[in-house]
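Peer 1: When we follow our numbering, the leftmost residue of the sequence shown carries the number 31, and every step to the right adds one.
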Amino acid sequence: MKLKNSLMLLLAALIWGCAFVAQSAGTQYVGPWTFNCLRSVIGALTLWLVMPFLDKSRGIDKKTVSSGKLLLGGVLCGIVLAAASMFQQLGIMETSAGKAGFITALYVILVPILGLFIGHHTRLIVWLGALLALVGFYFLSFTDASLILQTGDLYLLICAVLFAVHILIVDNFSSVDGVRLSCIQFFTAGLICSIGMFVFEKPDVSAIMDAAVPILYAGCLSSGAGYTLQILGQKDADPSIASMLLSLESVFAAIAGFLLLHQDLNGREILGCSLIFLAVMIAQYPSRNKNKEKESAASQ
Numbered sequence: 031m032k033l034k035n036s037l038m039l040l041l042a043a044l045i046w047g048c049a050f051v052a053q054s055a056g057t058q059y060v061g062p063w064t065f066n067c068l069r070s071v072i073g074a075l076t077l078w079l080v081m082p083f084l085d086k087s088r089g090i091d092k093k094t095v096s097s098g099k100l101l102l103g104g105v106l107c108g109i110v111l112a113a114a115s116m117f118q119q120l121g122i123m124e125t126s127a128g129k130a131g132f133i134t135a136l137y138v139i140l141v142p143i144l145g146l147f148i149g150h151h152t153r154l155i156v157w158l159g160a161l162l163a164l165v166g167f168y169f170l171s172f173t174d175a176s177l178i179l180q181t182g183d184l185y186l187l188i189c190a191v192l193f194a195v196h197i198l199i200v201d202n203f204s205s206v207d208g209v210r211l212s213c214i215q216f217f218t219a220g221l222i223c224s225i226g227m228f229v230f231e232k233p234d235v236s237a238i239m240d241a242a243v244p245i246l247y248a249g250c251l252s253s254g255a256g257y258t259l260q261i262l263g264q265k266d267a268d269p270s271i272a273s274m275l276l277s278l279e280s281v282f283a284a285i286a287g288f289l290l291l292h293q294d295l296n297g298r299e300i301l302g303c304s305l306i307f308l309a310v311m312i313a314q315y316p317s318r319n320k321n322k323e324k325e326s327a328a329s330q
């Protein structure tokens, strides 16, 4: 795996980790529907603008892009993304950026577990990771004196489940172009959130202007630049190493929350974050069979 690829994926993880801080800052000015509507639309426009560059770098002919399946996949992904983003934003309103990053990272564990319901095989090491993640989630989200789950953490847990569902949907549409799929999903999510914005909130131009920096960061950098770096970084890269580098998003979220928002984590929460991060690493560890398949493919 080239150093250039690793740096791209590491930068994507850094951008996504800092996005939790942007989302937390945005809650001070606008509601979750407004924030997610604007970031989704900006993200879609950003991807649309860089699409010619990405097509050229990947050698894709836009004439070969399937429209029907692409549209269906983009809309389905957009619906789930809108719901996941809403629960994430609601959760961030109630808790710190660091905790939000690590709880959201649970989707890595949940993907293979939910995959059981659609016939996917789940390796034993994933169950070990799930058990570790459960213990980590306990230390992170429950206090010593109470077994009551905090509201914000519950929202983030639902968000993690929805992101896991989102990944399974994306996997089902893996034959279509990922960049265009993402562009459509962002437009769909933006449309859904715009309905909620006008029904449940009262959009205020001055408040939106006050939140311009967090919104632009979440839209242009997190959605646009982050996704672009992921696409380019994963090209000819080892998927297992790529996913582990991207998982550093949760670590960067905690660091950014501490440095920029002065959000501290106590010893119990740090232990919980560490266990969740270890669980994520374990769950993504490649199986011996997969390694043999790669070695066999490389020798052919």
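Think of the CB as a built atom: it goes at the ideal place given N, C-alpha and C, for glycine as much as any other residue. All figures in this text were calculated on a predicted structure; none of them were measured in a lab.
1. With DSSP as the reference, label Phe172 as helix, strand or coil.
2. In this structure, how does DSSP classify Gln314 when only helix, strand and coil are distinguished?
3. I believe Gly128 touches Ala309 by the beta-carbon criterion, under 8 Å. Please report the beta-carbon distance rounded to the nearest angstrom.
4. Assuming Ile45 and Ala255 form a contact by the criterion Cβ under 8 Å, report the distance between their Cβ atoms to the nearest whole angstrom.
5. Buried or exposed for Thr76, please, with buried defined as at least 16 other CB atoms from any protein chain shown within 10 angstroms of its CB.
6. Which parts of the stretch 57 to 114 are runs of the alpha helix (DSSP H), unbroken and 4 residues or longer, counting only runs that do not cross its ends?
7. Looking at Ala49 and Ser252, is the spacing between their C-beta atoms short of 7 Å?
8. Relative to the alpha-carbon of Leu198, which residue among Leu154, Glu231, Val156, Leu140 has its alpha-carbon at the smallest distance?
9. For Gly98, is the classification buried or exposed, using 16 other Cβ atoms within 10 angstroms of its Cβ as the cut-off for buried?
10. Rounding to the nearest angstrom, what Cα-Cα distance links Leu289 and Val191 in this structure?
11. Check Glu231 in the structure and name its three-state DSSP category.
12. Can you tell me where the alpha helix (DSSP H) holding Asn296 begins and where it ends?
13. Less than 7 Å between CB atoms is the rule here; does Gly104 satisfy it with respect to chain D?
14. Less than 7 Å between the C-beta atoms of Phe169 and Gly302, yes or no?
15. For Asp183, which of helix, strand or coil comes out of DSSP?
16. Suppose the cutoff is 6 Å on Cβ atoms and the five residues either side in sequence are ignored; what does the same chain contact list for Phe193 look like?
17. Go ahead and label Gln53 buried or exposed: buried means 16 or more other beta carbons lie within 10 angstroms of its beta carbon, across all protein chains shown.
18. Could you tell me whether the stretch 223 to 242 touches the stretch 66 to 74, where touching means 3 or more Cβ pairs closer than 8 Å?
19. When you compare each of Leu39, Leu184, Asn202, Ala74 to Cys250 by their alpha carbons, which one comes out closest?
20. So the alpha helix (DSSP H) Tyr137 belongs to, where does it begin and stop?
21. When the distance is taken between beta carbons, is Gly89 closer than 7 Å to Thr24?
22. Going by CA-CA distance only, name the one from Gly263, Gln58, Leu106, Phe167 that's closest to Asn6.
23. Taking all protein chains shown into account, do 16 or more other C-beta atoms lie within 10 angstroms of the C-beta of Leu37, making it buried, or fewer, making it exposed?
24. Quick one: residues in its chain with C-beta nearer than 8 Å to the C-beta of Thr57, no 5 flanking neighbours on either side, listed in chain order?
25. Using a threshold of 7 Å, state whether the C-beta atoms of Ser280 and Phe132 are closer than that.
26. Hey, how far is the Cα of Phe172 from the Cα of Ser236?
27. Near Gly145, what residues of its chain come up, given a Cβ to Cβ distance below 7 Å and the 5 sequence neighbours on each side ignored?
28. Rounding to the nearest angstrom, what Cα-Cα distance links Trp78 and Phe217 in this structure?
29. So what does DSSP say about Trp54, is it helix, strand or coil?
30. Between the Cα of Leu102 and those of Gly208, Leu84, Ala163, spot the shortest distance and give me the residue it belongs to.
31. Quick check on the DSSP output: the alpha helix (DSSP H) that includes Ala127 runs from which residue to which?
Peer 2: To lay it out plainly:
1. Locating residue 172 in the sequence shown gives position 142, counting from the first residue. Three-state DSSP puts Phe172 in coil, outside helix and strand.
2. Counting from 1 along the sequence shown, the entry for residue 314 is found at position 284. Correct three-state label for Gln314: coil.
3. If you number the sequence shown from 1, residue 128 lands on position 98. If you number the sequence shown from 1, residue 309 lands on position 279. Between Ala309 and Gly128 the Cβ distance is about 16 Å, and since that is not below 8 Å, they are no contact.
4. Locating residue 45 in the sequence shown gives position 15, where the first residue counts as 1. Locating residue 255 in the sequence shown gives position 225, where the first residue counts as 1. Confirmed, Cβ separation roughly 6 Å.
5. Indexing the sequence shown from 1 puts residue 76 at position 46. Classification for Thr76: buried.
6. 62 to 88
7. Locating residue 252 in the sequence shown gives position 222, counting from the first residue. Locating residue 49 in the sequence shown gives position 19, counting from the first residue. Yes, the Cβ-Cβ distance between Ser252 and Ala49 is below 7 Å.
8. By one-based count along the sequence shown, residue 198 stands at place 168. If we check each option's Cα against that of Leu198, Leu140 comes out closest.
9. Along the sequence shown, one-based indexing puts residue 98 at 68. Flag for Gly98 reads exposed.
10. Taking the first residue of the sequence shown as position 1, residue 289 is located at position 259. Taking the first residue of the sequence shown as position 1, residue 191 is located at position 161. Leu289 and Val191: Cα-Cα distance of roughly 29 Å.
11. Taking the first residue of the sequence shown as position 1, residue 231 is located at position 201. Correct three-state label for Glu231: coil.
12. Looking up residue 296 in the sequence shown gives position 266. First-last for Asn296: undefined, no H or E at that position.
13. No chain D is part of this structure, which consists of one protein chain only.
14. Position 139 of the sequence shown, counted from the first residue, corresponds to residue 169. Position 272 of the sequence shown, counted from the first residue, corresponds to residue 302. Cβ distance < 7 Å, so Phe169 and Gly302 count as in contact.
15. Counted from its first residue, the sequence shown places residue 183 at position 153. If DSSP states are grouped into helix, strand and coil, Asp183 belongs with the helices.
16. Your numbering for residue 193 matches position 163 in the sequence shown. Once the five neighbours on either side are set aside, the close Cβ partners of Phe193 are Ala114, Tyr137.
17. Taking the sequence shown and counting its residues from 1, the one referred to as residue 53 is at position 23. Result: buried.
18. yes
19. Taking the first residue of the sequence shown as 1, we reach residue 250 at position 220. Nearest of Leu39, Leu184, Asn202, Ala74 to Cys250, Cα basis: Ala74.
20. In the sequence shown, the residue the question calls residue 137 occupies position 107. Residues 137 to 145.
21. With the chain represented from 31 up to 330, any question about residue 24 goes unanswered, as that position is not in the structure.
22. Lying before the first or after the last residue shown, residue 6 is absent from the chain, which here runs from 31 to 330.
23. Position 7 of the sequence shown, counted from the start, is the residue given in the question as residue 37. Its Cβ having fewer than 16 others within 10 Å, Leu37 is exposed.
24. Walking along the sequence shown from the start, residue 57 turns up at place 27. The residues Phe65, Gln119, Ile122, Met123, in chain order, have a CB closer than 8 Å to that of Thr57 in the same chain once the five nearest residues on each side in sequence are set aside.
25. Counted from its first residue, the sequence shown places residue 280 at position 250. Counted from its first residue, the sequence shown places residue 132 at position 102. Yes, the Cβ-Cβ distance between Ser280 and Phe132 is below 7 Å.
26. Locating residue 172 in the sequence shown gives position 142, where the first residue counts as 1. Locating residue 236 in the sequence shown gives position 206, where the first residue counts as 1. Taking the straight line joining both Cα atoms gives about 38 Å.
27. Position 115 of the sequence shown, counted from the first residue, corresponds to residue 145. Closer than 7 Å at Cβ, skipping near neighbours: Thr152, Leu198.
28. As a working mapping, residue 78 is identified with position 48 in the sequence shown. As a working mapping, residue 217 is identified with position 187 in the sequence shown. Straight-line Cα distance between these residues: approximately 10 Å.
29. Indexing the sequence shown from 1 puts residue 54 at position 24. Trp is not the amino acid found at residue 54; the sequence shown has Ser there. Ser54 sits in a helix when the DSSP states are folded into three classes.
30. Sequence index remark: in the sequence shown, residue 102 carries index 72 (1-based). Of Gly208, Leu84, Ala163, the residue nearest in Cα terms is Gly208.
31. Counted from its first residue, the sequence shown places residue 127 at position 97. Here the alpha helix (DSSP H) through Ala127 covers 127 to 134.
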